[in-house]
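Data block below; observations after.
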Amino acid sequence: MPGTLPDELLQSTKLTDAELKTELALALFQQERLTLGQAALFAGLPQLDFQRTPRRRQIPLHYGLEAMEQDLQPAKRLPGA
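Residue 0 is where the sequence shown starts when you use numbering that gives the first Met the number 0, and the numbers rise one by one after that.
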């Protein structure tokens, strides 16, 4: 479900659209509402690039086996997988 913010509200954050997506993805990851892979996808970043953000902010990665399995589900549905 796409969402939009009024331009003046976005400008008041002093964040670009990409930065805002990353901040929201990071917050949802930190709350364990998104896995690392889902948060990276939400932010529009490769997973390894997204991983650097929580690490820089000293946010634990809490990336266990269950989260990894969730992130692998789309790949398992690919032909030849």
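No residue lacks a Cβ here, since even glycine has one placed at the ideal position from N, Cα and C.
Quick caveat, the model's predicted, so the values are computed rather than measured.
Using the Cβ count rule (16 or more neighbours within 10 Å means buried), how would you classify T34? Within the sequence shown, numbered from 1, the residue matching residue 34 stands at position 35. Buried: at least 16 other Cβ atoms inside 10 Å.
Just the Cα atoms here: how many angstroms apart are A42 and E68? To locate residue 42, count along the sequence shown from 1; it is residue 43. To locate residue 68, count along the sequence shown from 1; it is residue 69. Going by the C-alpha atoms only, they are around 20 angstroms apart.
In whole angstroms, give me the CA-to-CA distance for L60 and Q50. In the sequence shown, counting from the first residue as 1, residue 60 sits at position 61. In the sequence shown, counting from the first residue as 1, residue 50 sits at position 51. The straight-line gap from Cα to Cα measures roughly 8 angstroms.
With respect to the alpha helix (DSSP H) encompassing E31, which residues constitute its N-terminal and C-terminal limits? As a first step, residue 31 must be located in the sequence shown, where it is residue number 32. Segment: none, E31 is in no alpha helix (DSSP H) and carries neither H nor E.
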